[in-house]
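Enquirer:
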Amino acid sequence: MKIIIVGLGQTGTLLARRIAAEGHDTVVIDCDKERVEAVTNLYNVSGVCGSGASKEILLQAGAATADVVITVSPIDEINMMACMVAKKCGARYTVARIHRPELSGDGDYFAEAFQIDYITNPKLDTALEMYRQIGMPGKVKADAYFSDVATIIRINMDKNIIPGGSMPLKDVKEFFGTDMLVATVTRGEKLYIPKGDFVIQPGDVVGIIAADTVIPQIIMKLGLAHKTARKVVLVGGGTVAYYLGKKLLENKKSVTILENDRKRCAELAQLLPQAEISFADGVDAEVLLEEGMKKADVCVSLTGNDDANLVISLFAWSCGVKSVITRVNATAYEKLLNKVNMDITISPAVISADRVMGFVRNVTVHNAKGNDIQCLYQLAGGMAEAIEFVAYDNCKKLGVAFKQQEFKLKKEILVAMLIRQGQVIIPDGNSCIQSGDRVVVISKRGHGLNTLNDIFAL
1174 MKIIIVGLGQ
1184 TGTLLARRIA
1194 AEGHDTVVID
1204 CDKERVEAVT
1214 NLYNVSGVCG
1224 SGASKEILLQ
1234 AGAATADVVI
1244 TVSPIDEINM
1254 MACMVAKKCG
1264 ARYTVARIHR
1274 PELSGDGDYF
1284 AEAFQIDYIT
1294 NPKLDTALEM
1304 YRQIGMPGKV
1314 KADAYFSDVA
1324 TIIRINMDKN
1334 IIPGGSMPLK
1344 DVKEFFGTDM
1354 LVATVTRGEK
1364 LYIPKGDFVI
1374 QPGDVVGIIA
1384 ADTVIPQIIM
1394 KLGLAHKTAR
1404 KVVLVGGGTV
1414 AYYLGKKLLE
1424 NKKSVTILEN
1434 DRKRCAELAQ
1444 LLPQAEISFA
1454 DGVDAEVLLE
1464 EGMKKADVCV
1474 SLTGNDDANL
1484 VISLFAWSCG
1494 VKSVITRVNA
1504 TAYEKLLNKV
1514 NMDITISPAV
1524 ISADRVMGFV
1534 RNVTVHNAKG
1544 NDIQCLYQLA
1554 GGMAEAIEFV
1564 AYDNCKKLGV
1574 AFKQQEFKLK
1584 KEILVAMLIR
1594 QGQVIIPDGN
1604 SCIQSGDRVV
1614 VISKRGHGLN
1624 TLNDIFAL
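Be aware that the sequence shown starts at 1174, since it is given in my numbering, and climbs by one per residue.
#1: Are the Cβ atoms of I1176 and A1226 separated by less than 9 Å?
#2: Under a Cβ-count criterion, where at least 16 other Cβ atoms within 10 Å of its own Cβ denotes burial, should V1201 be classed as buried or exposed?
#3: Helix, strand or coil for T1624 per DSSP?
#4: On the three-state DSSP scale, how would you describe Y1365?
#5: Give me, in chain order, the residues of the same chain whose beta-carbon lies closer than 6 Å to that of E1579; leave out the 5 immediate sequence neighbours on both sides.
#6: Please state the DSSP three-state secondary structure of K1570.
#7: If L1637 and A1630 are in contact, beta carbons under 8 Å, what's the gap, nearest whole angstrom?
#8: Considering only residues of the same chain and omitting the five flanking positions on each side of D1352, which have a CB-CB separation below 6 Å?
#9: Looking at the ligand HEM, does it come within less than 8 Å of K1426, judged from the CB to the closest heavy atom?
#10: Taking all protein chains shown into account, decide if Y1291 is buried (16 or more other Cβ within 10 angstroms of its Cβ) or exposed.
#11: Using the beta-carbon count (16 or more within 10 Å), is R1145 buried or exposed?
#12: Which residue wins for smallest C-alpha separation from V1313, given the options V1536, A1564, R1270 and K1394?
#13: Return the CA-CA distance between G1595 and A1589, expressed in angstroms with no decimal places.
#14: Helix, strand or coil: how does DSSP classify R1435 here?
#15: Hey, V1241 and V1533 are a contact pair by Cβ (cut 8 Å); roughly how many whole angstroms apart?
#16: May I have a chain-ordered list of the alpha helix (DSSP H) segments no shorter than 4 residues that lie completely inside the segment 1200-1270?
#17: Look up Q1551 in the DSSP assignment and say whether it is helix, strand or coil.
#18: For V1501 and N1478, which I take to be in contact (beta-carbon distance under 8 Å), what is that distance rounded to the nearest angstrom?
#19: By the 10 Å Cβ neighbour count, where 16 or more other Cβ atoms means buried, how is R1528 classified, buried or exposed?
#20: May I have the straight-line CA-CA distance separating I1334 from V1209, to the nearest angstrom?
#21: Do you know offhand how far S1520's Cα is from S1427's?
#22: Three Cβ pairs or more, each shorter than 8 Å: is that satisfied between the segment 1615-1623 and the segment 1557-1569?
#23: Would DSSP call L1632 helix, strand or coil?
#24: Report the residue ranges of all beta strand (DSSP E) runs contained in full by the segment 1330-1385; include only those spanning at least 3 residues, in chain order.
#25: I'd like the span of the alpha helix (DSSP H) that includes T1476, first residue to last.
#26: To the nearest angstrom, how far is the alpha carbon of G1235 from that of G1409?
#27: Do L1492 and L1445 have their CB atoms nearer than 9 Å?
#28: Please report how far the alpha carbon of Y1437 lies from the alpha carbon of N1626, in whole angstroms.
#29: Taking 8 Å as the cut-off, does the segment 1293-1311 touch the segment 1417-1426 (at least 3 CB pairs, one atom from each stretch)?
#30: What is the rounded straight-line gap between the Cα of M1340 and the Cα of T1359?
#31: Please list, in chain order, all residues of the same chain as I1450 whose beta carbon is under 6 Å from its beta carbon, the five residues on each side excluded.
#32: For D1279, is the classification buried or exposed, using 16 other Cβ atoms within 10 angstroms of its Cβ as the cut-off for buried?
#33: Give the straight-line distance between the Cα atoms of T1184 and A1526, rounded to the nearest whole angstrom.
#34: Pull up the distance between the alpha-carbon of A1317 and that of I1325, whole angstroms please.
#35: Please name the residue in I1628, Q1306 and Q1374 whose C-alpha comes closest to that of G1338.
#36: Three-state secondary structure (DSSP) at T1184?
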């Protein structure tokens, strides 16, 4: 497909890399000539310097024959206008990133008015991702979610967790005492989709998929506690804090928001009257102590500055806060926090890119209404993907038992879970896919799966 990306911030650059890697004819647009040159030099993409809302620039980029135009500039109105102009130029589908609640809240209206086929709101998505992490202990992070009934959690398996220093894969289920599956293992810079005689070693980072109902049991078996979160401190009062604070208050949590802009404090006080809003510098240790950091169950660092978020999270960790969630943009900070078992890091750019990639994969083989892919997540720093497919009547292997030779998968692909009428099934050799199932597939980077049939070797 021919795909145009408008805006080369972190999300646009990430999308350029991922879309080009899947073999699409990719063109990027940005007003910053140096950014365009940097991205075109790094990846197999073409570039045009100028405004993505300009008809002339869009035509120069090839919008007349484009399959998808993705607009991820920093300005919502530019993204919406670029979609409308791109459609008038001839583009088949358009995607807009919209941040502001007053615009994204009327998404259906603006989608119709500006001819937008798919709207992504990364600030809302980031807040929901953070909410799902609430209460997770430091060595555990929820990495992916499926049909509101199942989760992949990532666990740092240090020597204190693994009895005897190592654990054969065949013993893992018995160790945890519940139905679950090891989906991925990261050892150093290498990713494994384990099977057979694989042995988990101390230091491995293990991705486990299980029903939500048994996740607390798995965490407790690790000697960790799934913390009941009552008091939550949010440092930074932007749009993500508003969305997250609203969700927490709806679920009867005590919420304190620290914000260093007095005008924004007044706005938050009106928007979230049940929250405690403090005009304060969240990077100041004395202020954090005065605001009750030592009594907090959860601290979420979500300023717009990675350095500030790093300092806040490290201080919260030193205060004994059991669940610390950090908004990060640079992967270097994520790795640093992981070194001290603060594994819950959230990147809005990655979340936004995952949502857009799911849409791109669907329109690769369908139209904008096609929905083979329900959700798509990057795992293990982008080395793997988890995809939830819907099994339709055209699935080639309906009713075929997994143990049969006919049910042969491509290399480095795993069917990790079936979700049937809301019930979680961890598959074995006797399992089979039925029409209507949700099928969770794990694959190494590079497969570019678009449909469920893409997983089969035969």
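Yeah, the Cβ is synthetic: ideal placement off N, Cα and C, and Gly gets one too.
Just so you know, these numbers come straight off a predicted model, no measurement behind them.
Expert: Taking the structure as given:
#1: Taking the sequence shown and counting its residues from 1, one reaches residue 1176 at position 3. Taking the sequence shown and counting its residues from 1, one reaches residue 1226 at position 53. No, they are not a contact pair.
#2: For the purposes of this step, residue 1201 is identified with residue 28 of the sequence shown, where counting begins at 1. Buried, because 16 or more other Cβ atoms sit within 10 Å of the Cβ of V1201.
#3: As a first step, residue 1624 must be located in the sequence shown, where it is residue number 451. In the structure shown, T1624 sits in coil (DSSP, three-state: anything other than H, G, I, E or B).
#4: Counting from one through the sequence shown, the residue named residue 1365 turns up at place 192. Here Y1365 sits in strand by DSSP.
#5: Within the sequence shown, the letter at position 406 stands for residue 1579. The answer, listed in chain order, is V1573.
#6: If you number the sequence shown from 1, residue 1570 lands on position 397. In this structure, K1570 counts as coil in the three-state DSSP scheme.
#7: Examination of residue 1637 is not possible in this model, given that the chain is present from 1174 through 1631 alone.
#8: As a working mapping, residue 1352 is identified with position 179 in the sequence shown. Around D1352: I1599.
#9: Only the bare structure without any ligand can be found here, which leaves the ligand HEM out of the picture.
#10: Mapped onto the sequence shown, residue 1291 falls at position 118. When all chains shown are included, Y1291 counts as buried.
#11: Residue 1145 lies beyond the stretch modelled for the chain, which goes from 1174 to 1631, so this question has no answer here.
#12: Taking the first residue of the sequence shown as 1, we reach residue 1313 at position 140. Looking at the Cα atoms, K1394 is the closest of the given residues.
#13: Mapped onto the sequence shown, residue 1595 falls at position 422. Mapped onto the sequence shown, residue 1589 falls at position 416. Roughly 16 Å separates the two Cα atoms.
#14: In the sequence shown, residue 1435 corresponds to position 262, counting from 1. If DSSP states are grouped into helix, strand and coil, R1435 belongs with the helices.
#15: Numbered from 1 along the sequence shown, position 68 holds the residue referred to as residue 1241. Numbered from 1 along the sequence shown, position 360 holds the residue referred to as residue 1533. With 8 Å as the limit, V1241 and V1533 qualify as a contact, their Cβ atoms being about 6 Å apart.
#16: 1206-1215, 1228-1234 and 1249-1262
#17: As a position in the sequence shown, residue 1551 is number 378, starting the count at 1. Looking at Q1551 - three-state DSSP - the assignment turns out to be strand.
#18: As a position in the sequence shown, residue 1501 is number 328, starting the count at 1. As a position in the sequence shown, residue 1478 is number 305, starting the count at 1. Contact between V1501 and N1478 does not hold, since the beta-carbon distance rounds to 10 Å and is not under 8 Å.
#19: Residue numbering aside, residue 1528 sits at position 355 when the sequence shown is read from its first letter. Its Cβ being crowded by 16 or more others within 10 Å, R1528 is buried.
#20: For this step, residue 1334 is matched to residue 161 along the sequence shown. For this step, residue 1209 is matched to residue 36 along the sequence shown. Taking the straight line from one Cα to the other gives about 47 Å.
#21: Taking the sequence shown and counting its residues from 1, the one referred to as residue 1520 is at position 347. Taking the sequence shown and counting its residues from 1, the one referred to as residue 1427 is at position 254. Distance between the alpha carbons of S1520 and S1427: 25 Å.
#22: yes
#23: Because the chain is modelled from 1174 through 1631, residue 1632 falls outside the range shown and cannot be assessed.
#24: Unbroken beta strand (DSSP E) stretches of 3 residues or longer found wholly inside the segment 1330-1385: 1353-1360, 1363-1365 and 1377-1384, given in chain order.
#25: Position 303 of the sequence shown, counted from the first residue, corresponds to residue 1476. Counting along the chain, T1476 falls outside any alpha helix (DSSP H), and DSSP gives it neither H nor E.
#26: The residue given as residue 1235 occupies position 62 in the sequence shown. The residue given as residue 1409 occupies position 236 in the sequence shown. Rounded to the nearest angstrom, the gap between the Cα atoms of G1235 and G1409 is 41 Å.
#27: The sequence position of residue 1492 within the sequence shown is 319, counting from 1. The sequence position of residue 1445 within the sequence shown is 272, counting from 1. A quick correction: the sequence has Cys, not Leu, at residue 1492. One thing to note: C1492 has its Cβ no nearer than 9 Å to the Cβ of L1445.
#28: Residue numbering aside, residue 1437 sits at position 264 when the sequence shown is read from its first letter. Residue numbering aside, residue 1626 sits at position 453 when the sequence shown is read from its first letter. Residue identity differs from the one stated: residue 1437 is Arg in this sequence, not Tyr. The straight-line gap from Cα to Cα measures roughly 50 Å.
#29: yes
#30: The residue you call residue 1340 lines up with position 167 of the sequence shown. The residue you call residue 1359 lines up with position 186 of the sequence shown. In a straight line, the C-alpha of M1340 is about 15 Å away from that of T1359.
#31: On the sequence shown, residue 1450 is found 277 positions in, with the first residue counted as 1. Contacts found: I1430, C1438, L1441 and A1442.
#32: Working through the sequence shown from its first residue, we reach residue 1279 at position 106. With fewer than 16 other Cβ atoms within 10 Å, it is exposed.
#33: For the purposes of this step, residue 1184 is taken as residue 11 along the sequence shown, with counting starting at 1. For the purposes of this step, residue 1526 is taken as residue 353 along the sequence shown, with counting starting at 1. Their Cα atoms are separated by approximately 6 Å.
#34: Locating residue 1317 in the sequence shown gives position 144, where the first residue counts as 1. Locating residue 1325 in the sequence shown gives position 152, where the first residue counts as 1. Between A1317 and I1325, the C-alpha separation is close to 5 Å.
#35: In the sequence shown, residue 1338 corresponds to position 165, counting from 1. Closest option to G1338, Cα to Cα, is Q1374.
#36: Residue numbering aside, residue 1184 sits at position 11 when the sequence shown is read from its first letter. It is helical.
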